[in-house]
Amino acid sequence: MKKIRKAVIPVAGIGTRFLPVTKSIPKEMLPIVDKPILHYIIEECVESGIEEILLINSPYKKCIKEYFDRNYELEDILKNRGKIKESKMIEEISKMATFFYITQNEPLGSGHAIGLAKDFVGNEPFAVLYGDDIIYSSDRPALKQLVEKYEINNSSIIGCLEVPKNVVNRYGIIKFKEGQNKIDTIIEKPSLDEAPSTVAGLGRYILNPEIFEYIENLNANKNGEYQFTDAMKEMMKDYNYEVCMIEGTYYDTGSKEGYLKANIDFSLKRDDLKDKVINILKETNLK
Ligand code: UTP
Numbered sequence: 007m008k009k010i011r012k013a014v015i016p017v018a019g020i021g022t023r024f025l026p027v028t029k030s031i032p033k034e035m036l037p038i039v040d041k042p043i044l045h046y047i048i049e050e051c052v053e054s055g056i057e058e059i060l061l062i063n064s065p066y067k068k069c070i071k072e073y074f075d076r077n078y079e080l081e082d083i084l085k086n087r088g089k090i091k092e093s094k095m096i097e098e099i100s101k102m103a104t105f106f107y108i109t110q111n112e113p114l115g116s117g118h119a120i121g122l123a124k125d126f127v128g129n130e131p132f133a134v135l136y137g138d139d140i141i142y143s144s145d146r147p148a149l150k151q152l153v154e155k156y157e158i159n160n161s162s163i164i165g166c167l168e169v170p171k172n173v174v175n176r177y178g179i180i181k182f183k184e185g186q187n188k189i190d191t192i193i194e195k196p197s198l199d200e201a202p203s204t205v206a207g208l209g210r211y212i213l214n215p216e217i218f219e220y221i222e223n224l225n226a227n228k229n230g231e232y233q234f235t236d237a238m239k240e241m242m243k244d245y246n247y248e249v250c251m252i253e254g255t256y257y258d259t260g261s262k263e264g265y266l267k268a269n270i271d272f273s274l275k276r277d278d279l280k281d282k283v284i285n286i287l288k289e290t291n292l293k
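Counting from 7, one number per residue, gives the positions in the sequence shown under the working numbering.
As structure tokens, this is what we get:
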């Protein structure tokens, strides 16, 4: 059985939807309560059995590598001030997994970014997680749900969620092969009339390594970007792709609405914050 050991996380996008803050702070590093979005995604990888993580980074997002590297100076300062727990906590971040980095010098799209992972991946199946969405699951992490499904028949897999009809135009919507769980194609942001289902693809994938042949043959779209979905759509004509309906709550933290919702929900899960946040929400409601 092929084990999924490697994950690729593209984090080199320009974060247009979150300007102006993304002028100098990567959207993947915006905090949900007190941890960057990307930290939650790395935790999901680790809890799903991933050992090696490649971050496709931009030349302008050096703080991402700094966050996952060790910071001996800060550890020492904290220790000297008796903050042993805090010092240990920041030391642990660099030990979560083995991290690798490649620079995407220009933001030429998710397909171009993931294509840079070819040598890192080699000839084994691998996971892709987008760096700007969080899936909360109290039971099994989202990626683990995909990994377990992959182990059954080794088909490439897209993590999906059923969405309300009125928001199909925000997602890549799955068109199924007749009478099967297999994917025929993906329709990007369809109108309600055009939507072939209400099953939406999220930023979680398990791919067989043949994907790189399809990425190499990608054409740029009208914005000059090479889209990862287009490569998968071509590959679907030759290879099976399956859906994994993810059990969990999806937060599109790359959008302002999803980001704010994640902050409220995650703070309500925290014993040290829950009551305070409930009070703030009650007070806000009164005005
Ligand atoms: P998005 O399309 O959500 O990211 O890509 P974006 O382009 O930064 O977002 P907006 O629409 O402008 O706000 C999904 C993931 O792919 C990465 C992003 O960083 C994000 O984690 N990405 C996107 C790259 O690494 N390189 C790219 O050229 C584009």
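Here a beta-carbon is modelled for each residue, glycine too, at the ideal position from N, C-alpha and C.
| Item | Value |
| --- | --- |
| Ignoring anything shorter than 3 residues, give me the beta strand (DSSP E) runs that lie fully in the stretch 129–201, in order along the chain. | 132–135, 140–142, 162–168, 178–182, 189–194 |
| What does a CB cutoff of less than 8 Å around VAL39 pick up in its chain, not counting 5 residues either side in sequence? | ASN269, PHE272, SER273, ARG276, LEU279 |
| What are the boundary residues of the alpha helix (DSSP H) that includes LEU266? | 262–274 |
| Does the distance from the C-beta atom of PHE234 to that of ILE120 stay below 9 Å? | yes |
| Mind checking ASP1: buried by the 16 CB within 10 Å criterion, or exposed? | Lying before the first or after the last residue shown, residue 1 is absent from the chain, which here runs from 7 to 293. |
| Return the chain-ordered list of same chain residues with a C-beta closer than 8 Å to the C-beta of GLU200, the five sequence neighbours on each side being excluded. | ILE193 |
| Return the residue from the list GLY207, ILE164, GLY185, GLY19 that minimises the CA-CA distance to ASN175. | GLY207 |
| What residues are listed by DSSP as bridge partners for ILE99? | For ILE99, which the question treats as bridged, DSSP gives no partner whatsoever. |
| Any idea if TYR156 is buried or exposed, counting beta-carbon neighbours within 10 angstroms, 16 or more meaning buried? | buried |
| Just to confirm, does ARG23 get its C-beta within under 8 Å of one of the non-hydrogen atoms of ligand 1? | yes |
| Any chance the CB of LEU213 is under 8 Å from a heavy atom of ligand 1? | no |
| Just to confirm, are THR191 and MET242 a CB contact at a threshold of 9 Å? | yes |
| Rank CYS166, ILE179, PRO131 by C-alpha distance to the C-alpha of GLY209 and give the top, closest one. | CYS166 |
| Can you tell me where the beta strand (DSSP E) with ILE15 in it begins and where it stops? | 12–16 |
| Just curious, the alpha helix (DSSP H) that LEU234 is in, first and last residue? | Residue identity check: residue 234 is Phe in the sequence provided, not Leu. 234–242 is the extent of the alpha helix (DSSP H) around PHE234. |
| With distances taken from CA atoms, which of VAL27, SER143, LYS67, GLU130 is nearest TYR46? | SER143 |
| Please state the DSSP three-state secondary structure of ILE59. | strand |
| Classify GLU248 as helix, strand or coil using the three-state DSSP reduction. | strand |
| Can you tell me the Cβ-Cβ gap for LEU135 and ILE15, rounded? I've got them flagged as a contact below 8 Å. | 5 Å |
| Given 8 Å as the limit, tell me if GLU34 has its C-beta closer than that to any heavy atom belonging to ligand 1. | yes |
| Give me, in chain order, the residues of the same chain whose beta-carbon lies closer than 6 Å to that of GLU92; leave out the 5 immediate sequence neighbours on both sides. | LEU84 |
| In whole angstroms, give me the CA-to-CA distance for LYS111 and TYR66. | It is worth fixing the name first, because residue 111 is Asn in this sequence and not Lys. Rounded to the nearest angstrom, the two C-alpha atoms are 9 Å apart. |
| Using C-beta distances below 6 Å, list every residue in its chain close to GLY117, excluding the 5 sequence neighbours before and after it, in chain order. | ILE221, LEU224, TYR232, GLN233, PHE234, ALA237 |
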